[in-house]
Structures are given as structure tokens and as C-alpha cells.
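> Numbers -28 to -1, 1 to 239, taken from mature numbering (1 follows the signal peptide of the UniProt record, and there is no 0), label the letters of the sequence shown in order.
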Amino acid sequence: MKTGRRPDSLLKFLFIFSCVLFSYQAVAAGKTPTQDAQTIVTKALDVTGDGKVDSISIKGVPYEQGSKFLKEIKLVVNGGKAQKVSVSLDAGYEPKLQFADFNRDGVDDVFITIPTGSSGGLVNSYAYTFLNDKAFDLTVPPPVAITGQFLDNYKAAISVPLQKTITLDVSDRKKDYERIGLYQLNGKLNEPTEVMVDPYSVLNITDIQGLGQGLKGIQRVSGAYHADGLADVSSEWVYRKGKWELLLTKTKAFTDFETTSGHKENK
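#1: Quick one, are the C-beta atoms of residue 130 and residue 193 less than 8 Å apart?
#2: By a C-beta neighbour count over all protein chains shown, 10 Å radius and 16 as the cutoff for buried, is residue 31 buried or exposed?
#3: Looking at residue 210 and residue 180, is the spacing between their C-beta atoms short of 8 Å?
#4: With residue 170 as the anchor, note down where its beta strand (DSSP E) starts and where it stops.
#5: Runs of 3 residues minimum, wholly inside the segment 134 to 168: which ones carry the beta strand (DSSP E) assignment?
#6: Measure from the alpha carbon of residue 190 to the alpha carbon of each residue in 199, 163, 116, 197, then state which is nearest.
#7: What are the start and end residues of the beta strand (DSSP E) that includes residue 59?
#8: Does the beta-carbon distance from residue 20 to residue 77 come in below 8 Å?
#9: Would residue 135 be called buried (16 or more neighbouring beta carbons within 10 Å of its own) or exposed?
#10: Between which two residues does the beta strand (DSSP E) harbouring residue 48 extend?
#11: For the segment 68 to 88 against the segment 153 to 160, are there 3 or more C-beta pairs whose distance is under 8 Å?
#12: Determine which residues share a DSSP beta bridge with residue 257 and list them.
#13: Which two residues bound the contiguous beta strand (DSSP E) that contains residue 185?
#14: Quick one: what's got a C-beta closer than 7 Å to residue 166's C-beta in the same chain, skipping five residues either side?
#15: For residue 215, which option in 198, 186, 227, 203 has the closest C-alpha, if you only look at C-alpha atoms?
#16: Between which two residues does the beta strand (DSSP E) harbouring residue 72 extend?
#17: Taking only three categories from DSSP, how would you classify residue 103?
#18: At what residues does the beta strand (DSSP E) containing residue 211 begin and finish?
#19: To the nearest angstrom, how far is the alpha carbon of residue 198 from that of residue 142?
#20: In three-state DSSP terms, what is residue 122?
#21: Tell me, to the nearest whole angstrom, how far the beta carbon of residue 66 is from that of residue 40; I am working on the premise that it is less than 8 Å.
#22: Tell me, which residues are paired with residue 10 by DSSP?
#23: Excluding the five sequence neighbours on either side, which residues of its own chain have a C-beta within less than 8 Å of the C-beta of residue 25, listed in chain order?
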């Protein structure tokens, strides 16, 4: 009479089945529930130009439950003939919704700022017109093209559009600069080194005399490292003839120097 190995086979089967079941449960437990879009802010205003009030909302999907970081953000306009127009925006924190007539067509445009959460306090900004129920990107002003470099004898030169080159005295930081190897003890640079220029940390709606509403931005200029602030450069922009035009720049230094500003005559 033959003796089978059924008990051993059964044990093997039960062992394998248990392992598979455990693995499935572990994977299922590790899955993050799908996050639904949340309405972050809603405002009522005519932005389509039909004389009727539209609903303008910013909706976002949190990175995870309870998180303030929104991995997906959309601007949604309800009303008018199209009923619903949506625009995808970049991820970020706590979007802010504002309105201004940048292109001076008599209908308010939509302006959104979204902090990125970076150490420099940078923001992503957007400007849209929804005239006749169509989304048109007005864009926003590009960061001002600021350049600069360190000079011998503990100085730094910064060039800003519409201004003369500014020379900063950074001798109050010489011990730190010598410690990190930027300068030698005799005040001579070890090697050519440029300053660091951030994009906008602030971009706000502003009233420009004689030209209506525009935008004012602020950019930080840093020295040897990001926390080594040298100056803030502010700029004012107006939307004219389908593009943003730089009207004025002003520099506020954190070290000794004479503040200068420049502007372009309005035509």
C-alpha cells in the first residue's frame, strides 16, 4: 500500500497561501487613499464681460490628508456661455485669488499667487483674462535681469536695468567671507564670484499713476550664500500692447551705499 505525502503538500499550500495573503494586505494597507479636490477659495465677479456674475474658484488636491501642500491646483470659472473653464496651475501652498484690469479692456482679469514653500519665499504667479468665456494667458512679468559680482577690497557691484551700476561696501562681512574662502586676508578675491539673484518673492497688484493697475515685484540679491542678503530690488510693470513693460526699478541695500532708482517716461 502506497503512502502519499498529502499532509506535507497541504502544509506547503497553506504556507504559500498565507504569504500571498499577507503580502496583499501589506500592499493594500500601504496605499494612500485618493484625495478629492478641495475648494480653496471662491469669489463672485464678472470676469467674462457678459454683465453677469461668474463664480471663480481655486481647487486643489492635498499631497496627503491634512497636508497644506497642494500637489494639483486648478483655476475654475463657472458662468457665461461656456459654463465652465478651467486652467491647471503649478503645485504649492495657500493660493491667493485677486482681480485687476491689467489690459484695460473694462473687464477684471484674474491674478493668482501661489507660494512654492522654498527657503527663499518664492512665489509662482499667473494672470488670465476670461473675456468671452475663453481663457487667455496674460503671463506675468519676467524677473528683472539683475547681475552682479564681488570685487577686490570687500565690495560687490550690482547692475539693475534702468539704474546705474551700484557698488556695495561689504567689509562688515569680511571675517565671514575670509572664513569661507571668498576673500584672502588682504582683501583680494580668491576667484571671480557672482552674486545670487532670486526670482520674485513678492508680486502684487499696484496702482500706477496715469496707467491704471499693474504689478510690483521684489527680488532678493544675495552674496556668498542664500541667507547672505545684499539688497532687495523692486520693479513696477504695466501691461501694454500685449506685453509687460518695465517702468521703474529701485534698489534697497542692506549695506552702505547710495540708493539710486531709474524710471522710463510714460508715453
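Backbone N, C-alpha and C define an ideal beta-carbon position, used for all residues, glycine too.
With the structure as the only source:
#1: Within the sequence shown, numbered from 1, the residue matching residue 130 stands at position 158. Within the sequence shown, numbered from 1, the residue matching residue 193 stands at position 221. Cβ atoms of residue 130 and residue 193: closer than 8 Å.
#2: Locating residue 31 in the sequence shown gives position 59, where the first residue counts as 1. Buried, by the Cβ-count rule.
#3: To locate residue 180, count along the sequence shown from 1; it is residue 208. To locate residue 210, count along the sequence shown from 1; it is residue 238. A contact, by the Cβ cut-off of 8 Å.
#4: Here residue 170 refers to the residue found at position 198 of the sequence shown. Residues 168 to 180.
#5: 138 to 141
#6: Position 218 of the sequence shown, counting from 1, holds the residue named residue 190. Of the candidates 199, 163, 116, 197, the one whose C-alpha sits nearest the C-alpha of residue 190 is 116.
#7: Counting from 1 along the sequence shown, the entry for residue 59 is found at position 87. Run containing residue 59: 55 to 61, per the beta strand (DSSP E) assignment.
#8: Residue numbering aside, residue 20 sits at position 48 when the sequence shown is read from its first letter. Residue numbering aside, residue 77 sits at position 105 when the sequence shown is read from its first letter. Cβ distance not < 8 Å, so residue 20 and residue 77 don't count as in contact.
#9: Residue mapping note: residue 135 aligns to position 163 of the sequence shown, counting from 1. With 16 or more other Cβ atoms within 10 Å, it is buried.
#10: Numbered from its first residue, the sequence shown carries residue 48 at position 76. It spans 41 to 51 - the beta strand (DSSP E) in which residue 48 sits, taken as one unbroken run.
#11: no
#12: This structure leaves residue 257 out entirely; the chain is present only between -28 and 239.
#13: Taking the sequence shown and counting its residues from 1, the one referred to as residue 185 is at position 213. Unbroken beta strand (DSSP E) run through residue 185: 184 to 194.
#14: Residue 166 sits at position 194 when you count from the first residue of the sequence shown. So the qualifying residues of the chain are 120, 121.
#15: If you number the sequence shown from 1, residue 215 lands on position 243. The candidate whose alpha carbon is nearest that of residue 215 is 186.
#16: Counting from one through the sequence shown, the residue named residue 72 turns up at place 100. Where residue 72 is concerned, the enclosing beta strand (DSSP E) stretches over 68 to 72.
#17: For the purposes of this step, residue 103 is taken as residue 131 along the sequence shown, with counting starting at 1. Three-state result, residue 103: helix.
#18: Taking the sequence shown and counting its residues from 1, the one referred to as residue 211 is at position 239. Run containing residue 211: 201 to 212, per the beta strand (DSSP E) assignment.
#19: The count along the sequence shown starts at 1 and reaches residue 198 at position 226. The count along the sequence shown starts at 1 and reaches residue 142 at position 170. Straight-line Cα distance between these residues: approximately 15 Å.
#20: Start at 1 with the first residue of the sequence shown, and residue 122 comes out as number 150. Residue state, collapsed to three classes: strand.
#21: Looking up residue 66 in the sequence shown gives position 94. Looking up residue 40 in the sequence shown gives position 68. Right, the Cβ-Cβ distance comes to about 7 Å (below 8 Å), so this counts as a contact.
#22: Walking along the sequence shown from the start, residue 10 turns up at place 38. DSSP, once it has assigned bridges, lists 32 as partnering residue 10.
#23: Counting from 1 along the sequence shown, the entry for residue 25 is found at position 53. These residues qualify, in order along the chain: 16, 17, 18, 51.
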